[in-house]
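One structure is given here, and the rest of the page talks about it.
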Amino acid sequence: MELRSVIDLVVDEYSNYYSVVELGLDKEKDYVVLVNSFMVNSYKDILHLNEPYKSELSSHESQYIGLHAMDILKNRIKGIEEGRLPGNIFKIEEVINFYGVGNVYFKPLYEKNIKILT
Numbered sequence: 626m627e628l629r630s631v632i633d634l635v636v637d638e639y640s641n642y643y644s645v646v647e648l649g650l651d652k653e654k655d656y657v658v659l660v661n662s663f664m665v666n667s668y669k670d671i672l673h674l675n676e677p678y679k680s681e682l683s684s685h686e687s688q689y690i691g692l693h694a695m696d697i698l699k700n701r702i703k704g705i706e707e708g709r710l711p712g713n714i715f716k717i718e719e720v721i722n723f724y725g726v727g728n729v730y731f732k733p734l735y736e737k738n739i740k741i742l743t
């Protein structure tokens, strides 16, 4: 199994999707860190209150704030399933069987660190 960070998704038995945020080697064992894909997508854009950004999100005006992140996720899933976007969707059981139950970590509260260069 070749999981790729940022590209591949993992789905559990409840249809929750996870993004691979980290792959590594710890004490000579491979490990993977997964984060709920909705959480990851919530940090894809930085909110700018300027006209170009307002135009981009105008279709979501007066709707729930999470709708934009959910649209990103739904489009990603559909794009992978249709072969328009790179990546695979792996079942969580496959990932756990490959990496071992003690080497698959879930990060429940995800915050992307941003650095603004001046």
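Mapping of the sequence shown onto the working numbering: residues 626 to 743, in sequence order. No residue lacks a Cβ here, since even glycine has one placed at the ideal position from N, Cα and C.
Could you say which of the options lies nearest to residue i if we only look at CA atoms?
{"i": "Val635", "options": "Ile714, Gly725, Gly691", "result": "Ile714"}
{"i": "Met695", "options": "Asn661, Tyr724, Glu638, Glu676", "result": "Asn661"}
{"i": "Tyr689", "options": "Pro677, Ile705, Asn641, Ser667", "result": "Ser667"}
{"i": "Lys669", "options": "Arg701, Tyr724, Asn722, Gly727", "result": "Arg701"}
{"i": "Val665", "options": "Val720, Leu710, Arg709, Ile632", "result": "Ile632"}
Helix, strand or coil for residue i? Go by DSSP, reduced to three states.
{"i": "Tyr576", "result": "An answer regarding residue 576 cannot be provided, because it is not within the stretch 626 to 743 covered by the chain."}
{"i": "Asp696", "result": "helix"}
{"i": "Val631", "result": "coil"}
{"i": "Glu686", "result": "coil"}
First and last residue of the alpha helix (DSSP H) that includes residue i?
{"i": "Ile714", "result": "That residue, Ile714, is in no alpha helix (DSSP H); its beta strand (DSSP E) goes 714–716."}
Kindly indicate if chain C contains any beta-carbon less than 8 Å away from that of residue i.
{"i": "Tyr643", "result": "The displayed structure is made up of one protein chain only, and chain C is not part of it."}
Could you give the first and the last residue of the continuous beta strand (DSSP E) run that contains residue i?
{"i": "Val657", "result": "654–661"}
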